[in-house]
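**Student:** Counted from 1, the sequence shown has number 94 at position 92 by the working numbering; the numbering is strictly sequential.
For each residue, glycine too, the CB sits at the ideal point set by N, CA and C.
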Amino acid sequence: MSEWTLVCAIADLPEGGWKVVEVDGAMLAVLLVAGEYYAIEDICTHDGGQLTGGELQGCELICPRHGARFCIKTGAALTPPAYEAVDTFPVILKDGNIWTRDDRWD
């Protein structure tokens with residue numbers, strides 16, 4: 003089982019913002035949207051580039067290179083040119099901090 007990784011203090015992640023953290027060799031983006039926290043792998047399944055840096059519209063993160071849209075709740079690819087989902091990860095709030103982990107191999 004992978005260990006939980008500290009992302010940042012809750013106060014350091016503004017509404018509509020994100021923080022990227024390395025967890026077990028994977029880059030994860032933790033986002034705060036409408037008071038809910040989400041974590042997705044920060045890799046576009048279309049071209050392998052970084053997703054953060056793109057626009058966040060509601061619960062959709064738009065790839066900054068080719069415009070593919072991903073649901074931050076489920077990881078689903080919503081528009082071409084991406085057809086495969088990105089992985090999502092658990093998020094917990096504890097002692098005023100945000101934590102996530104890569105649970106894909108558990």
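Please identify the residue among Tyr-40, Thr-81, Val-23 and Gly-50 whose C-alpha is closest to the C-alpha of Val-93.
**Tutor:** Here the closest residue by C-alpha is Tyr-40.
**Student:** Using a Cβ-Cβ cutoff of less than 8 Å, which residues in the same chain neighbour Asp-14 once the five nearest sequence positions on both sides are dropped?
**Tutor:** Excluding sequence neighbours, Asp-14 sits near Lys-21.
**Student:** Just curious, the beta strand (DSSP E) that Cys-73 is in, first and last residue?
**Tutor:** Its beta strand (DSSP E) spans residues 71-73.
**Student:** Tell me which residues share the same chain as Glu-17 and place their Cβ nearer than 6 Å to its Cβ, disregarding the 5 neighbours each side in the sequence.
**Tutor:** Contacts found: Leu-34.
**Student:** How close, in whole Å, do the beta carbons of Cys-61 and Cys-73 come, if the pair is a contact with beta carbons under 8 Å?
**Tutor:** Going by Cβ atoms, the distance from Cys-61 to Cys-73 rounds to 6 Å, so yes, they are a contact pair.
**Student:** Going by DSSP in three states, Ile-45 sits in which element: helix, strand or coil?
**Tutor:** In this structure, Ile-45 counts as coil in the three-state DSSP scheme.
**Student:** Which residues in the same chain have their Cβ closer than 6 Å to the Cβ of Ala-78, if we skip the five residues on either side of it in sequence?
**Tutor:** The residues are Ala-87.
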